[in-house]
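Asker: After the structure tokens below, expect a handful of questions from me.
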Amino acid sequence: MTAVDVRTAIVEQPWEDEQREPGLHDEHPGVEPVPGRASRPWVRYVVRRVLQAVGVLVAAYTVSFFVLYRLPGDPVTILAGGGTGEQLDVDPAKLAELKAEYGFDQPVWLQYLTRLGAAVQGDFGRSVQTGEPVTAVLLRSLPSTLQLSTAALLVSVIGGAALAVVATWTRNRWLRDVLLALPPLAVSLPTFWIGLVLVDLLSFRLRLFPAMGDGTVATLVLPVLTLAIPGGAVVAQLLAKSLLRTLDEPYIDIARAKGLTRGRIHLAHALRNAALPAFTATGMMVGNLFAGSVVVETVFGRNGVGRVTQQAVTLQDIPVVQGVVALGALVFVTVNLVVDLVYPLLDPRIVTAAKD
Amino acid sequence: MSKIHHRVRSRARGKRLGATVAVAVSTLALLVLTGCGAEAVPGAVPSSGTPTPGGTLVVAVSDDAGCIDPQQVASNNTIYTTRQLVDSLTDQDPETGKIVPWLAEKWEVSPDSRSFTFHLRTDATFSDGTPVNAEAVKANFDAIDGLGANGTLALGYVSGYAGTKVVDDHTVTITFKQPNVQFLQATSTFTLGLLSVATTQQSAADRCSSVIGSGPFVLDSYTRNSSIVISKRKGYDWGSSLWKHTGEAYLDQVEYRIVPESGVRTGSLQSGQVDVIGSIGPQDEAAITASGASLAARANPGLVFGLYVNNARPIVKDPAVREAISAAINRADIATTTFPSQTKAATSVLASTTLHYASQENNLGFDASRAAQLLDEAGWLPGSDGIRVKDGQRLHLVALWSDNAATNKPTLELIQQQLRAAGVELELKLPTAGERTELLQSGNFDFSWSNITRVDPDILRSSFSTLLANSYRVPKTELDDLLTRQASETDETKRAELVAQAQELIVANHYAIPVVELTTVLGVGPKVHDLAFEASSRIQLYDTWKSA
Amino acid sequence: MTLATRIRSGARFAVRRPTLVIAVLVVAAVVVAAFGPWVFSTADPLTGVPAQKLQPPSPAHLFGTDELGRDLWTRVVHGAALSLKATLIAVCVAFVFGGAIGMLAGFLGGWVDDVVMRVVDVLLSIPGLLLSLALVTALGYGTVEVAVAVGITSIAGFARVTRSEVLRVRTAVYVEASAATGARWYQVLLWHVLPNAAGPGIVLATLEFGSAILAVSSLSFLGYGAQPPEPEWGALIASGRNYLATAWWLTTLPGLVIVALVLSTNRISRAIDRRGELA
Numbered sequence: 254m255t256a257v258d259v260r261t262a263i264v265e266q267p268w269e270d271e272q273r274e275p276g277l278h279d280e281h282p283g284v285e286p287v288p289g290r291a292s293r294p295w296v297r298y299v300v301r302r303v304l305q306a307v308g309v310l311v312a313a314y315t316v317s318f319f320v321l322y323r324l325p326g327d328p329v330t331i332l333a334g335g336g337t338g339e340q341l342d343v344d345p346a347k348l349a350e351l352k353a354e355y356g357f358d359q360p361v362w363l364q365y366l367t368r369l370g371a372a373v374q375g376d377f378g379r380s381v382q383t384g385e386p387v388t389a390v391l392l393r394s395l396p397s398t399l400q401l402s403t404a405a406l407l408v409s410v411i412g413g414a415a416l417a418v419v420a421t422w423t424r425n426r427w428l429r430d431v432l433l434a435l436p437p438l439a440v441s442l443p444t445f446w447i448g449l450v451l452v453d454l455l456s457f458r459l460r461l462f463p464a465m466g467d468g469t470v471a472t473l474v475l476p477v478l479t480l481a482i483p484g485g486a487v488v489a490q491l492l493a494k495s496l497l498r499t500l501d502e503p504y505i506d507i508a509r510a511k512g513l514t515r516g517r518i519h520l521a522h523a524l525r526n527a528a529l530p531a532f533t534a535t536g537m538m539v540g541n542l543f544a545g546s547v548v549v550e551t552v553f554g555r556n557g558v559g560r561v562t563q564q565a566v567t568l569q570d571i572p573v574v575q576g577v578v579a580l581g582a583l584v585f586v587t588v589n590l591v592v593d594l595v596y597p598l599l600d601p602r603i604v605t606a607a608k609d
Numbered sequence: 005m006s007k008i009h010h011r012v013r014s015r016a017r018g019k020r021l022g023a024t025v026a027v028a029v030s031t032l033a034l035l036v037l038t039g040c041g042a043e044a045v046p047g048a049v050p051s052s053g054t055p056t057p058g059g060t061l062v063v064a065v066s067d068d069a070g071c072i073d074p075q076q077v078a079s080n081n082t083i084y085t086t087r088q089l090v091d092s093l094t095d096q097d098p099e100t101g102k103i104v105p106w107l108a109e110k111w112e113v114s115p116d117s118r119s120f121t122f123h124l125r126t127d128a129t130f131s132d133g134t135p136v137n138a139e140a141v142k143a144n145f146d147a148i149d150g151l152g153a154n155g156t157l158a159l160g161y162v163s164g165y166a167g168t169k170v171v172d173d174h175t176v177t178i179t180f181k182q183p184n185v186q187f188l189q190a191t192s193t194f195t196l197g198l199l200s201v202a203t204t205q206q207s208a209a210d211r212c213s214s215v216i217g218s219g220p221f222v223l224d225s226y227t228r229n230s231s232i233v234i235s236k237r238k239g240y241d242w243g244s245s246l247w248k249h250t251g252e253a254y255l256d257q258v259e260y261r262i263v264p265e266s267g268v269r270t271g272s273l274q275s276g277q278v279d280v281i282g283s284i285g286p287q288d289e290a291a292i293t294a295s296g297a298s299l300a301a302r303a304n305p306g307l308v309f310g311l312y313v314n315n316a317r318p319i320v321k322d323p324a325v326r327e328a329i330s331a332a333i334n335r336a337d338i339a340t341t342t343f344p345s346q347t348k349a350a351t352s353v354l355a356s357t358t359l360h361y362a363s364q365e366n367n368l369g370f371d372a373s374r375a376a377q378l379l380d381e382a383g384w385l386p387g388s389d390g391i392r393v394k395d396g397q398r399l400h401l402v403a404l405w406s407d408n409a410a411t412n413k414p415t416l417e418l419i420q421q422q423l424r425a426a427g428v429e430l431e432l433k434l435p436t437a438g439e440r441t442e443l444l445q446s447g448n449f450d451f452s453w454s455n456i457t458r459v460d461p462d463i464l465r466s467s468f469s470t471l472l473a474n475s476y477r478v479p480k481t482e483l484d485d486l487l488t489r490q491a492s493e494t495d496e497t498k499r500a501e502l503v504a505q506a507q508e509l510i511v512a513n514h515y516a517i518p519v520v521e522l523t524t525v526l527g528v529g530p531k532v533h534d535l536a537f538e539a540s541s542r543i544q545l546y547d548t549w550k551s552a
Numbered sequence: 112m113t114l115a116t117r118i119r120s121g122a123r124f125a126v127r128r129p130t131l132v133i134a135v136l137v138v139a140a141v142v143v144a145a146f147g148p149w150v151f152s153t154a155d156p157l158t159g160v161p162a163q164k165l166q167p168p169s170p171a172h173l174f175g176t177d178e179l180g181r182d183l184w185t186r187v188v189h190g191a192a193l194s195l196k197a198t199l200i201a202v203c204v205a206f207v208f209g210g211a212i213g214m215l216a217g218f219l220g221g222w223v224d225d226v227v228m229r230v231v232d233v234l235l236s237i238p239g240l241l242l243s244l245a246l247v248t249a250l251g252y253g254t255v256e257v258a259v260a261v262g263i264t265s266i267a268g269f270a271r272v273t274r275s276e277v278l279r280v281r282t283a284v285y286v287e288a289s290a291a292t293g294a295r296w297y298q299v300l301l302w303h304v305l306p307n308a309a310g311p312g313i314v315l316a317t318l319e320f321g322s323a324i325l326a327v328s329s330l331s332f333l334g335y336g337a338q339p340p341e342p343e344w345g346a347l348i349a350s351g352r353n354y355l356a357t358a359w360w361l362t363t364l365p366g367l368v369i370v371a372l373v374l375s376t377n378r379i380s381r382a383i384d385r386r387g388e389l390a
């Protein structure tokens, strides 16, 4: 499920004519016919997907390396200036020493190969700003972002699903219209703006939650809410659309004819089947959460990967930025891989050939 | 489509419109309603009285330098922490500028200012138990050279370092290859604060993660970009002679939280979530005082905030243009508009709290008509859009700046506005870190907006002497001689005279255009008492206490 | 049809779709503000009276005043040009390059297709904001740089959509016919494939407007956009956040303008996305 398709899905209202319904299975990369569960093709498929994932990771590292390399000055000179905007007199000999230590005096291709070789072993070099190993920097800031992302993902899914379920179940036309008007609105709100408005309303004026910090559960509330508003909108829209389509399926009519209660049909049958297509968007959602964390962590003063990224970019701390890009790609690729591997197991109906 | 379908669709659409509007209107209403009306609750009057030991002070600052080593860090926000972790050989009285005993009970300076002998007190120890003795002092100074580019500040203080001699267990002599007059003052800074021998033997990178000092507080934990926690040093009793009490510090713990959002810092102070906040803007003051907190302020010594001129550039090479720009700036307006209320307009290139500051007020007045006259005479005549033109060239100048203080942007925009009224087009350029270095070296800029905090006026030499980096491309004049001589003049009165002359030369020739003094302003909650500033306007928390 | 009939049917059309009408009006207003800001405000966006700083919205100052006493409404109006410019650049970069890549991949097929789509996959695997941050570091700060960075991030989406459309069209009868009459491959590409495959790409472009506005304002909020005193919307909110506790209008109101514009472009995009029919 590409980012493109999801955005299109957001904007459309689910009950309008479905002329250009993007086949959710059509563009799905890597899904091959799985006749029965014969193990040889399956193993081959898994291996192929894993190799693809690794290839994408290496390519992502390469892209980021060359993008970042095209820089005017070099970070070591900035570091010597104290990073405060004040101007200090730096001894050129000391500078050359530091440059050699960080490897900035070697030709580009040699730097690339050395770095790539090290990266494969898990060594991303040392941060130019603090001298810490990049892996340590990222590992240290990962828990906070993981907390935030996981909680935000959960809230998005639960909130969005609740909205979709209620909206498609209710017989009250007005309620349904209001609920379904919310996601397109939520998706149009800039994340940083949501965060600031929430801080102003809920923290400064109503004094309900703390505005900053990392430690307690209470400090998570506002950041999670900020990320969950657009995230939940995506889930709600996808699921509502999928639910409406599922409810039109013949087997639902049969279930009704069999005498099952409306609630049971809606939740046990329709929802379970409608959830699958939404599941494929997980990778993209995780990617969005990662991106959103850059802004949210700054607004709320949390020490996570997003903030580390922003500071590293400003200070041109190349090793850290590369580490973050590698991490982002790794997360995205892994989640997609898991989704790709799990989806055929959940939905044996897949017969569409891969378009790749 | 059939007619029925049409009607169903249009009704559906109508309902949809209603729903959308309802949602939009209620959201807007909610925003507006909570936008108006809510006022800050006025706080209780802060109690005064006898200091009570105990409690945790929570300080919110805007950023983290990424390093906790006092000898490697120049950023104010982190200095608020590092100052508490180390003691210095001497201390400096913020009121008088006098150097007084701390770890060193007494000292002698050789007549040529090349040799400094310190007699240490015998009871001080580092928090790992090792004694603060001559060996430790030697280890500290010998290690400075190994800090490389990370220790630029410290290296500047000990330039020409020839070695440290351990005379006996508590006596040490530090010598330099040439006279180093500012060194005694430098020993009072946190940059030359003493660290344990074990710490000095670590690499510069490792020292950034954790240090051991002898200060009134000990480092508990340091989570970069998140928080720093320090706690009281048990058994501490070798404080500076300036401090009000003896023995251990009052506070049990101090917690520094990194909160980049200024609005969030202010709100947290108002709601009592933090006790002290830094980097206050003028807009926060009313809210802070309304909530019962108070403002503590002190001007930072050193080079003031100003437009430091690249004197080699074609347009600003003309002294008349520089003088006109200086006259077109309304410093008082700037100080009251974009800076906290205690900020003063610059009256010299040095701040008023700097040692040997001498007022140059006569050359720093606001005179729009004089500015216009000077530019007219120099051949710059107003063009069709108000910007002056000469020989087909617009009076367009570029100023480099950085976003490290929230006051920079509005201040520079206001200066832009004032200069535009005089017919000068000022372009503000915020370079990336790499671009900035390149631009400074290549000289592709007309002004650089910056400041440097130092108590000692030797900062003038680092910035304006043609014998050093000379980033501002100051021409060779008698200024060089003045600056070199003040660095080795041991008689304070004569030195003051030299420094005063240097300031006059710089300001009268407009090699730099001073604008406003950086003033450290802190928001202090009603429960906090006796928060002190040391001589460089950083905080000293030894005597600070919290009421219940 | 007579003019009167046309007007009547147009009015009927409009009345049935009130949200679309509002959306078009909003976008039109922004375009007018971009090219002729004096229509909405005659004040100077760059000059303020410091004594009048930080005043709340009032009849004299619709959106209040900022930290230097400048009228916020005027600054927002003048910021429209910057936002529009950035968004147009971003969408054009994405559309042109993404479209070209997708078209070549779909049309030429084979190993070209494989390689190109691999590269596209890589671009997709790096989270968007992160990629644009890295690009901004390389390109420097500024409205145009930010716009290009955002545009490059969106290339992948356009490439995929265009490619799948080209694959669909490539097998169409009229393409085969034109090839059979001896047209060269690039003639077939330009005259037949392109016009017919462009549809979804254009729809995506209108959709991209909304997300480009959000991405550009996010990057300018983080500090990588226009230099002061340019009143770019994201930068307005960024400097407004310092005054959050005391002057809520500096962050809230420019944000609402962004929201209104994004909602409007999304609504218009939805309307166009009916294979040429307007919904």
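Residue numbers (our numbering), protein chains in the order written: chain Z, 254 to 609; chain S, 5 to 552; chain F, 112 to 390. Using N, Cα and C, we set each Cβ at its ideal position, and we do this for glycine too. On a predicted model such as this, the values are computed, not experimentally measured, just so you know.
For a contact defined as C-beta to C-beta under 8 Å, what are the partners of Val561(Z) on chain S?
Answerer: Residues of chain S passing the Cβ test: Asn229.
Asker: Which residue marks the beginning of the alpha helix (DSSP H) containing Glu327(S), and which one marks its end?
Answerer: Its alpha helix (DSSP H) spans residues 323–332.
Asker: Would you say Ala209(S) faces chain Z, with C-beta separation under 9 Å as the test?
Answerer: So, interface residue.
Asker: In the DSSP output, which residue or residues are listed as bridge partners for Leu354(S)?
Answerer: Answer by DSSP bridge pairing, in chain order: Leu307(S).
Asker: Could I get the ranges of all uninterrupted beta strand (DSSP E) runs contained in the segment 476–534 of chain S, with 3 residues as the minimum, in chain order?
Answerer: Qualifying beta strand (DSSP E) stretches, in chain order: 516–520, 523–528.
Asker: Check whether the segment 362–381 of chain F touches the segment 437–449 of chain S, counting contact only when three or more Cβ pairs, one atom from each stretch, lie closer than 8 Å.
Answerer: Touching, no, given that fewer than three Cβ pairs across the two stretches are closer than 8 Å.
Asker: Just to confirm the assignment: which complete beta strand (DSSP E) runs, minimum length 3, are found wholly within the segment 146–179 of chain S?
Answerer: Counting only runs of 3 or more, we get 165–172.
Asker: Mind listing which residues of the segment 176–207 of chain F have their C-beta closer than 8 Å to chain Z's C-betas, in chain order?
Answerer: Going along the segment 176–207 of chain F in chain order, one finds no residue with a Cβ nearer than 8 Å to chain Z.
Asker: Given Asp224(S), which residues of its chain have a CB within under 8 Å of its CB, disregarding the five upstream and five downstream residues?
Answerer: Val233, Ile234, Ser235, Gln257.
Asker: Got a sec: which bits of the segment 526–552 of chain Z sit with their beta carbon under 7 Å from any beta carbon on chain S, in order along the chain?
Answerer: Residues Thr551, Val552.
Asker: Would you say Asn307(F) lies against chain Z (beta-carbon separation less than 9 Å)?
Answerer: Closer than 9 Å: no.
Asker: Distance, Cα to Cα, Ser540(S) vs Leu522(S)?
Answerer: Roughly 11 Å separates the two Cα atoms.
Asker: Which word fits Asp358(Z), buried or exposed, when buried means at least 16 other C-beta atoms lie within 10 angstroms of its C-beta?
Answerer: With fewer than 16 other Cβ atoms within 10 Å, it is exposed.
Asker: For Pro311(F), which option in Ala288(F), Glu319(F), Gly293(F), Val272(F) has the closest C-alpha, if you only look at C-alpha atoms?
Answerer: Ranking Ala288(F), Glu319(F), Gly293(F), Val272(F) by Cα distance to Pro311(F) puts Val272(F) first.
Asker: Here's a check: name, in chain order, each residue in its chain whose Cβ is nearer than 6 Å to the Cβ of Ala256(Z), leaving out the five neighbours to either side.
Answerer: Interpretation of Ala256(Z) is limited by its pLDDT of 38, a score under 50 that renders its predicted location unreliable; no figure is taken from the coordinates.
Asker: On the three-state DSSP scale, how would you describe Phe537(S)?
Answerer: Phe537(S) falls in the strand class under three-state DSSP.
Asker: Quick check on Gln445(S) - is its C-beta less than 9 Å from some C-beta in chain C?
Answerer: In the structure shown, chain C cannot be found, because the protein chains are Z, S and F.
Asker: Please state if the CB of Pro414(S) and the CB of Thr342(S) are separated by a distance shorter than 9 Å.
Answerer: Yes; because the gap between Cβ atoms is below 9 Å, this pair is in contact.
Asker: Asp127(S) to Trp242(S), Cα distance in whole Å?
Answerer: Approximately 7 Å, taken between the alpha carbons.
Asker: Is DSSP giving Asp279(Z) helix, strand or coil here?
Answerer: Residue confidence for Asp279(Z) is low, a pLDDT of 37 falling below 50, so the modelled location carries little weight; the figure read from the coordinates is stated next. Note: Asp279(Z) maps to coil in three-state DSSP.
Asker: Just to confirm, are Asp3(S) and Asn81(S) a CB contact at a threshold of 9 Å?
Answerer: Outside the shown range of chain S (5 to 552) lies residue 3(S), about which nothing can therefore be said.
Asker: With which residues is Thr472(Z) paired in a DSSP beta bridge?
Answerer: Bridge partners of Thr472(Z): none, in fact.
Asker: Within 10 Å of its beta-carbon, does His172(F) have 16 or more other beta-carbons around it, so buried, or fewer, so exposed?
Answerer: Its Cβ being crowded by 16 or more others within 10 Å, His172(F) is buried.
Asker: Whole angstroms is fine: what's the gap from Thr514(Z)'s alpha carbon to Tyr504(Z)'s?
Answerer: Roughly 14 Å separates the two Cα atoms.
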